[in-house]
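Residue numbers (mature numbering (1 follows the signal peptide of the UniProt record, and there is no 0)): -18 to -1, 1 to 561.
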């Protein structure tokens, strides 16, 4: 008789066959039908299944041997085939993203649940059953392109809607808040969490002095830090995590009235996380664990689904709830603003070429459509600029929007011209406005003609020029405690264990003490449990921000998975045992 041991007994029950080091690979039959979600880019595909090899200018060639003067002689400078092949190879790589470099993507379809013209003029939400093609890119934040999927990190969840009124992007994360409140601090945050400049260690990890020095000094980071130290930092898969728009946006109706909203993607697979021991084992056995899980799920016909939800709030209520709705480090509890489900997205097609699609897609918080508008969130305002600017660096010019994966499904008519990589051949000889020689075209579109984008008329600003932080952004400790209170005891222990692990790698006693001081403002119990692990003295309670409030929807363990479909468990079998 053979004895067997479920991996659950080893804390490995959540490993899929894609990443399980103890199971044979699953033979997955590729899908022949992707439901048409990538038809808009299919015309750009190149099929090399037959025909002769050609140069970049179309002439048939052979390219396996250089042109030489004699069989053993020197290679000739005139060998244009060699020069073309090597030159292109030398320039294949583009700069990786400064953040979110490690990622995976897929195509899908969003289907609206109804007509939401009572909320927004956005066309993709204008009728029941209306379908809009999408592309989603999941990612980690801090690591390079070659880092492991299961590193503890905030995870990107960026979605593009190819709507019939232009591209709309929700550029979010799997955590609904962010580390900082003002985009001007973003370089400081990223410099602190990146590897040390002297030895490039550690990669894709925050268990080092500079990260925790910043976390304990810039205390707006604490709320997001708690989410990352809990299961949200190590999701079981991309399929088992929610997505969030982070910022407060506006939805604007045809009549110009508007509401404030928070965007959320709620996974229909259920939320699930790894535990830290699993994450470490998987990263060593299969660094592409999350990528492969997503790819295999789609190829086997089990594409993941999410519901798009909004929390809707009145414009005049920005300060009603004890925090500022413009503060991206705060959640809006569902008891205050329940989730309204607007539609469902299913991912049903993998990319054909990773570089051309997943790597070259350019998400931008400034990609909004008619019926959606910004707020004055200072982090959002800075992201609108930064995400555009960084793509100019990555793609060498302003024409990256013309790449197939970035092109909208709607026609482009404007006076933008030339630049590196220009793809369009413009027939209009009069690229300026106003003009008479082209009969005034392309004409101006606005709220009353051309169904143009329009800003919410209610947006008004008055005030002095200041370089200050609003005191409505000051409380950095109440919501981390709310998050902690809302977890199950097991999740609370995971969070404490994660902080212990990270801080045990710190060398500076000053940083350790600063960390304990900030933790103590959230919970004396957490601070002293971490102090015990560090061999440091206990702290007296600092109760100004202590409370016993909880909120729903934050616990991963507190909700059961709706299905076990696509989940796999490995089995270990020993040698035969007598007796």
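Note that CB positions come from ideal geometry on N, CA and C, so glycine has one too. This structure is a prediction, so every number in the text was calculated from the model and none was measured.
- Between residue 460 and residue 356, the gap from beta carbon to beta carbon reaches 9 Å or more.
- In the DSSP annotation of this structure, the continuous segment of the alpha helix (DSSP H) that includes residue 506 starts and ends at 506 to 516.
- Below 8 Å, enough C-beta pairs join the stretch 253 to 269 and the stretch 214 to 228 to call them touching: three or more.
- A distance below 9 Å separates the beta carbons of residue 498 and residue 518.
- Excluding its 5 nearest sequence neighbours in each direction, residue 95 has C-beta neighbours in its own chain below 8 Å: 110, 323, 324, 325, 326, listed in chain order.
- For residue 46, no alpha helix (DSSP H) segment is defined, and its DSSP state is neither H nor E.
- Between the stretch 393 to 409 and the stretch 371 to 382, the count of C-beta pairs closer than 8 Å reaches three or more; the two stretches touch.
- Proximity to residue 116 across 142, 135, 108, 520 peaks at 142, based on C-alpha coordinates.
- Per the C-alpha coordinates, the member of 189, 74, 297 positioned closest to residue 376 is 74.
- Under the DSSP assignment, residue 442 falls outside any beta strand (DSSP E); it carries neither an H nor an E label.
- Closest in C-alpha terms to residue 47, from the list 61, 121, 39, 505, comes 61.
- Under DSSP, residue 494 takes part in no beta bridge, so it has no partner.
- Residue 100 sits exposed, since fewer than 16 C-beta atoms from the chains shown fall within 10 Å of its C-beta.
- Boundaries for residue 67: no beta strand (DSSP E) harbours it, while the alpha helix (DSSP H) harbouring it runs 62 to 72, taken from the DSSP string.
- If you check the CB distance, residue 332 and residue 26 do not come in under 9 Å.
- Sequence-distant Cβ neighbours of residue 515 in its own chain, meaning closer than 7 Å and more than five residues away, are 482, 486.
- By the neighbour-count criterion, in which a residue is buried when 16 or more other Cβ atoms sit within 10 angstroms of its Cβ, residue 432 is exposed.
- Apart from sequence neighbours up to five positions away, the residues of its chain that approach residue 294 with a beta-carbon distance below 8 Å are 101, 233, 241, 242, 243, 319, 322, ordered along the chain.
- Two segments are said to touch when three or more pairs of C-beta atoms, one from each, lie closer than 8 Å; by this definition the stretch 145 to 152 touches the stretch 347 to 364.
- Between the stretch 257 to 277 and the stretch 126 to 138 there are three or more C-beta pairs closer than 8 Å, enough to call the two in contact.
- Counting the other Cβ atoms within 10 Å of the Cβ of residue 493 gives 16 or more, which makes it buried.
- Burial state of residue 411 is exposed, judged by a 10 Å Cβ sphere holding fewer than 16 other Cβ atoms.
- Residue state for residue 388 is assigned as coil, using DSSP reduced to three classes.
- In the three-state DSSP reduction, residue 146 falls in the strand class (E or B).
- At a Cβ-Cβ threshold of 9 Å, residue 157 and residue 210 count as neighbours.
- In the DSSP assignment, residue 167 falls outside any alpha helix (DSSP H), carrying neither H nor E.
- Residue 338 is a Cβ neighbour of residue 386, given a cutoff of 9 Å.
- Secondary structure at residue 274: helix, using DSSP grouped into helix, strand and coil.
- Here residue 193 has 174, 175 as same chain residues with Cβ atoms under 7 Å from its own Cβ, once five neighbours each way along the sequence are excluded.
- Taken through DSSP and simplified to helix, strand or coil, residue 255 comes out as strand.
- Where residue 211 is concerned, the enclosing alpha helix (DSSP H) starts and stops at 204 to 211.
- Apart from sequence neighbours up to five positions away, the residues of its chain that approach residue 201 with a beta-carbon distance below 7 Å are 458, 500, ordered along the chain.
- DSSP, read as helix, strand or coil, puts residue 283 in coil.
- Within the model, the alpha-carbon separation for residue 523 versus residue 505 is close to 8 Å.
- With a beta-carbon spacing of about 23 Å, residue 190 and residue 159 fall beyond the 8 Å limit used to define contacts.
- Taking all protein chains shown into account, residue 447 has fewer than 16 neighbouring C-beta atoms within 10 Å of its C-beta and is therefore exposed.
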